[in-house]
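Data block below; observations after.
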Amino acid sequence: MDDDLLLRMSKKIAQLTKVIYHLNNKNEDCEFDKQELAEQYESEIEQVLKDSAAKIDAITEQLRQQEASQRQEAAVLEALTTRFDEQSRKDQALIQSQAQALSEKDASVQALQGKEAALQQHLSQLQKALQDKSEELQQQARVHVLEKQVSCCLL
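So the sequence shown is numbered by my numbering: it starts at 563 and just counts up by one.
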């Protein structure tokens with residue numbers, strides 16, 4: 563039985579060796595797959611980090627440009643506001659001076675209208691006096707003509 567036991571043990575050892583060999587191969591394959599997967603993940607992580615960094619840089623640059631643009635727009639707006647305020651002050655001063663000039667002209671027109679009314683009244687009085695004088699002279703001329711006719715007739 564010793565031979566039989568030895569043979570069976572040899573077979574079992576051979577089987578165990580095959581199992582160990584198979585497990586070692588599987589373990590090596592798993593280790594290789596694991597290492598390959600780890601390298602893939604590392605590569606993907608590296609690529610994601612590069613992409614993220616590029617996106618962050620692009621967004622940062624966009625923000626810088628927007629800030630610069632906003633500062634420039636604010637400066638332009640400030641300049642326009644200043645010019646508008648200055649022009650408004652000038653326009654207000656011009657409006658006030660023209661309003662004052664118009665008021666003075668209105669006063670001058672009213673004074674001239676008063677003078678015109680007084681002159682019209684004086685002219686009316688002069689015309690009335692002239693007409694009265696004309697009528698008086700015409701009356702005197704008629705009287706004079708009549709007197710001449712009477713004196714011619716009397717002679």
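For every residue, glycine included, the Cβ atom is placed at its ideal position computed from N, Cα and C.
If we ignore side chains and look at the alpha-carbon of each, how far apart do Q627 and A615 end up?
-> For the purposes of this step, residue 627 is taken as the residue at position 65 of the sequence shown. For the purposes of this step, residue 615 is taken as the residue at position 53 of the sequence shown. Going by the C-alpha atoms only, they are around 18 Å apart.
Length of the line joining the Cα atoms of N589 and K573 | If you number the sequence shown from 1, residue 589 lands on position 27. If you number the sequence shown from 1, residue 573 lands on position 11. Going from the Cα of N589 to the Cα of K573 covers about 23 Å.
Alpha-carbon to alpha-carbon, Q634 and E608 = The residue given as residue 608 occupies position 46 in the sequence shown. The residue given as residue 634 occupies position 72 in the sequence shown. When rounded, the distance between both Cα atoms is 38 Å.
Do you know how far the Cα of K580 is from the Cα of Y603?
-> Taking the first residue of the sequence shown as position 1, residue 603 is located at position 41. Taking the first residue of the sequence shown as position 1, residue 580 is located at position 18. Whole-angstrom Cα-Cα distance: 33 Å.
Cα separation between E666 and Q693?
-> Locating residue 666 in the sequence shown gives position 104, counting from the first residue. Locating residue 693 in the sequence shown gives position 131, counting from the first residue. Looking at the two C-alpha atoms, the distance is approximately 40 Å.
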